[in-house]
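Undergrad: In this note's numbering, the protein residues as written are 3 to 158.
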Amino acid sequence: MAELDSTYFSKEGLAKLKKELESLKTKKRKEIAGRLEYAKSLGDLSENSEYQEAKESQIMNEAKIAELEDMLRRAVVVEHSASRGQVDIGSQVAVEDISGKRLNFTIVGANEASPAENKISNESPLGKALLNHKKGETVSAHTPKGVLEYKIVDII
């Protein structure tokens, strides 16, 4: 069983994270180093806005690298198995609300959530409500809009 501070990813999401981290460590660091060298060549660093901006970029880049490395250390790759017959991370789920409106979602780890792509976090109210339930079951999601009920129509 994964620890509570685990970060869940699909294979694709983990690959994307690794690619972003590699880019920050190589391309972005090199670009910032070039900006710092140029700024140093301008002279007095105490009043050199180019230098200050490059240093700020460097600090932000290193913080992002540390954040991504931490996520990578805590990463747990989740492989969805539709044969289990219940909603888990990686499931594509079709639900209907009480008005009969059909919605389709993919349940993903929090770092891969993208409402525009219908990817909802396992930590979101609806994601939490759907987890471990089966086709035909009705779940209640406690949202800022109140309690919303959804019937699970299909799990892919």
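From the three backbone atoms N, C-alpha and C, an ideal C-beta is built for every residue, glycine too.
Leaving out five residues before and five after Tyr53 in sequence, what residues of the same chain have Cβ atoms less than 8 Å from its Cβ?
TA: Looking up residue 53 in the sequence shown gives position 51. Same-chain partners within the cutoff: Leu38, Ala41, Lys42, Leu44 and Leu47.
Undergrad: For a test of the three-state rule: what should DSSP assign to Asn113, helix, strand or coil?
TA: In the sequence shown, counting from the first residue as 1, residue 113 sits at position 111. Helix, per DSSP.
Undergrad: On the three-state DSSP scale, how would you describe Leu26?
TA: Position 24 of the sequence shown holds residue 26. Here Leu26 sits in helix by DSSP.
Undergrad: I'd like to check one pair, Thr140 with Lys153: are the Cβ atoms closer than 9 Å?
TA: Residue 153 sits at position 151 when you count from the first residue of the sequence shown. Residue 140 sits at position 138 when you count from the first residue of the sequence shown. Yes, the pair counts as a contact, with Cβ atoms nearer than the cut-off.
Undergrad: For my contact list, Ile109 and Val79 are in at a C-beta cut-off of 8 Å; report their separation, rounded to the angstrom.
TA: Locating residue 109 in the sequence shown gives position 107, counting from the first residue. Locating residue 79 in the sequence shown gives position 77, counting from the first residue. The Cβ separation is near 15 Å, so there is no contact.
Undergrad: Exposed or buried, what is Ala143 when buried is set at 16 or more other beta-carbons lying within 10 Å of its beta-carbon?
TA: As a first step, residue 143 must be located in the sequence shown, where it is residue number 141. Buried.
Undergrad: Buried or exposed: which applies to Glu159, given that a residue is buried once 16 or more other Cβ atoms fall within 10 Å of its Cβ?
TA: In the structure as shown, the chain begins at 3 and stops at 158. Residue 159 is therefore absent and cannot be evaluated.
Undergrad: At the level of alpha carbons, what is the spacing between Lys147 and Thr28?
TA: As a first step, residue 147 is located in the sequence shown; it is residue number 145 there, counting from the start. As a first step, residue 28 is located in the sequence shown; it is residue number 26 there, counting from the start. Taking the straight line from one Cα to the other gives about 44 Å.
Undergrad: If distances are taken between C-alpha atoms only, which option among Lys137, Glu81, Ile122 and Ile157 comes closest to Glu14?
TA: Residue mapping note: residue 14 aligns to position 12 of the sequence shown, counting from 1. For Glu14, the nearest C-alpha among the options comes from Glu81.
Undergrad: Along the alpha helix (DSSP H) that carries Ser142, what are the first and last residues, could you check?
TA: Sequence index remark: in the sequence shown, residue 142 carries index 140 (1-based). Where Ser142 is concerned, there is no enclosing alpha helix (DSSP H), although the beta strand (DSSP E) it sits in stretches over Thr140 to Thr145.
Undergrad: Start and end of the alpha helix (DSSP H) containing Gln88?
TA: Numbered from its first residue, the sequence shown carries residue 88 at position 86. Looking at the DSSP string, Gln88 is not in any alpha helix (DSSP H), and its letter there is neither H nor E.
Undergrad: Whole angstroms are fine: how far does the CA of Glu69 sit from the CA of Thr145?
TA: Sequence index remark: in the sequence shown, residue 145 carries index 143 (1-based). Sequence index remark: in the sequence shown, residue 69 carries index 67 (1-based). Rounded to the nearest angstrom, the two C-alpha atoms are 29 Å apart.
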